[in-house]
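Residue numbers (our numbering), protein chains in the order written: chain A, 4 to 401; chain B, 15 to 161.
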């Protein structure tokens, strides 16, 4: 043992050495903010008085998996949101009754979002659920038919939760303000009170499904075990120990590569809309993202300011204070959570990239957006850095 | 025996010395003097008003819609009533705007205006610009907020 050796040891100890990963205090703080244990408990949804009613969630779960909830009886929510596939379908664009223009979104933690869909054209989980039910490419149903179906199949369960079903004996079998010409005509011929009755049943279908979806939450991964150990000063053991490559990826993610500016918090999303220069898909109709969603959410009769909301209007501040125009919302899409992403290619709002390597290469190059201005700037990452980012993203899956 | 203790002592002494040096270097380094002005109370651009900007509940929470209070006084210290206030802003280093569009929603008396719908979705440097029109004239002010 020489003095020199002791000096070296002291210096190593000072640098936090001894083979342990080195993170600055700022980095440690950021890492802790990404760990799942910082996820707050789910806030009540005052716009849906049934949100935490177990019987409503049970009915919602039945409806979620029931192909009877579609024209032709072949498509349910779970056709695209598959329970054993993180509630998505591994396709670049979802396929229901027809082929849609967007990728199915996974649902872990979905109830925590302020906005729904890639472009946020709905402002509550229950209003969201009503959209695929009537979309001709998804479940292709119509609200009058859904009301009759609920009465026939689930009348008793429905009434135990929501109270008496309206008299539907004079309501047309098929009618909706959004349907085919015949369905629209049938809808317009209905007295306003009957339209209201059916809209009420329809909104309750959404509220039951939303109650079920609130239980879908993200699960702890290797990254979380690592982050908790780092925060508590314990030495990460076993699979909680990240490899040097994964640690490099984590450092890039929260540092030089700036990923954490948008993919932040325990869900790895800021819940906001950004143009990241993802190219459109040839052959699909024009898609301008958030900029076109603003008018749609404002016009939705089931939005927070509409009459089907429970509770008071103070719950509607997201809608009230949303950004309605400006260049920043052109081709802006909602930042997706990255939890579980490694296990569910393809990526982006229309499945533009088929691997994480392609995703990271996109951020490294940061091409300009076809319309609007991309917020991401070229990172010029080396091969090693790109691989490290991908390796880190995988720690959010296993 | 004794010699091992000597080495350990020497080691500890050297470690302490190193800590000292690092501390001195750290304390004497200039501290990001170039950062934005973070004051929560300041004169407006043309000196017409004195504006203060504070979160209504005292703390800033990232990712949450919050209300703030903008308090306006004249240079002489009188509360400014009936002001028309416009709000804009963004993140100068990311060249994007605010994720929400905050508005002056209520006048609370004594020159205090509630600015509701403020949300900071990421950490970093944010700016809020206020355009203020009142009896005394029109002026503007920018507040920097670093999360």
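Ideal placement from N, C-alpha and C gives every residue a C-beta, glycine not left out.
On a predicted model such as this, the values are computed, not experimentally measured, just so you know.
No Cβ of chain A is located within less than 9 Å of the beta carbon of residue 143 of chain B.
The continuous stretches of beta strand (DSSP E) do not include residue 210 of chain A, which lies in the alpha helix (DSSP H) extending over residues 195–216. For residue 146 of chain B, the uninterrupted beta strand (DSSP E) segment begins and ends at 139–148.
Chain B places a beta carbon closer than 9 Å to that of residue 331 of chain A, counting this residue as a contact.
Apart from sequence neighbours up to five positions away, the residues of its chain that approach residue 87 of chain B with a beta-carbon distance below 7 Å are 63, 64, 93, 94 and 125, ordered along the chain. In chain order, 92, 97 and 107 place their CB closer than 6 Å to the CB of residue 83 of chain A, counting only its own chain and leaving out the 5 sequence neighbours on each side. Against chain B, the beta carbon of residue 264 of chain A has neighbours under 8 Å at 108, 136, 137 and 138, listed in chain order. Contact of residue 267 of chain A with chain B by beta-carbon distance below 9 Å involves 76, 77, 135, 136 and 137. With 16 or more other Cβ atoms inside 10 Å of its own Cβ, residue 79 of chain A counts as buried.
Listed as beta-bridge partners of residue 51 of chain B by DSSP are no residues whatsoever.
Taking the Cβ atoms as the reference, residue 293 of chain A lies roughly 4 Å from residue 335 of chain A, within the contact range of under 8 Å.
Take the alpha-carbon of residue 45 of chain A and the one of residue 118 of chain A: they are about 15 Å apart.
Contact of residue 130 of chain B with chain A by beta-carbon distance below 9 Å involves 320, 323 and 324.
Boundaries around residue 386 of chain A are those of the alpha helix (DSSP H), 386–397, since no beta strand (DSSP E) includes it.
For residue 191 of chain A, the uninterrupted alpha helix (DSSP H) run begins and ends at 184–192, by DSSP. Listed along the chain, the chain A residues whose CB falls inside 8 Å of the CB of residue 112 of chain B are 326.
Residue 366 of chain A sits close to residue 279 of chain A, with the two beta carbons spaced by under 9 Å.
Any Cβ of chain B closer than 9 Å to the Cβ of residue 275 of chain A would place that residue at the interface, and such an atom is present. For residue 121 of chain B, no alpha helix (DSSP H) encloses it; the enclosing beta strand (DSSP E) starts and ends at 117–123. When C-beta distances to chain B are compared with 7 Å, the residues of the region 359–390 of chain A below that value are 378, in chain order. Taking the Cα of residue 389 of chain A as reference, the smallest distance to any Cα among A:319, A:363, A:141 and A:213 is reached at A:363. Boundaries of the beta strand (DSSP E) around residue 98 of chain B: 98–105. Distances from the CA of residue 352 of chain A to each of A:383, A:305 and A:109 were compared; the closest alpha carbon is that of A:109. The C-beta distance from residue 116 of chain B to residue 96 of chain B rounds to 19 Å, too long to fall under 8 Å, and the pair is not in contact. For residue 370 of chain A, there is no enclosing alpha helix (DSSP H), as DSSP marks it with neither H nor E. The region 298–315 of chain A makes no contact with the region 263–271 of chain A: fewer than 3 CB pairs, one atom from each, lie closer than 8 Å.
Boundaries of the beta strand (DSSP E) around residue 87 of chain B: 80–88. Boundaries of the alpha helix (DSSP H) around residue 297 of chain A: 293–302. Per DSSP, the continuous beta strand (DSSP E) segment holding residue 69 of chain B begins and ends at 63–69.
The DSSP assignment places complete alpha helix (DSSP H) segments of no fewer than 4 residues inside the region 26–54 of chain A at 28–37, in order along the chain. Note on geometry: alpha-carbon atoms of residue 180 of chain A and residue 207 of chain A lie some 18 Å from one another. Shown here, residue 68 of chain A sits in coil according to DSSP, grouped into three states, outside any helix or strand.
Between residue 50 of chain A and chain B, the shortest Cβ-Cβ separation is not below 9 Å.
A residue is called buried when at least 16 other Cβ atoms come within 10 angstroms of its Cβ; residue 275 of chain A meets this threshold and is buried. In the three-state reduction of the DSSP assignment, residue 317 of chain A falls in the helix class.
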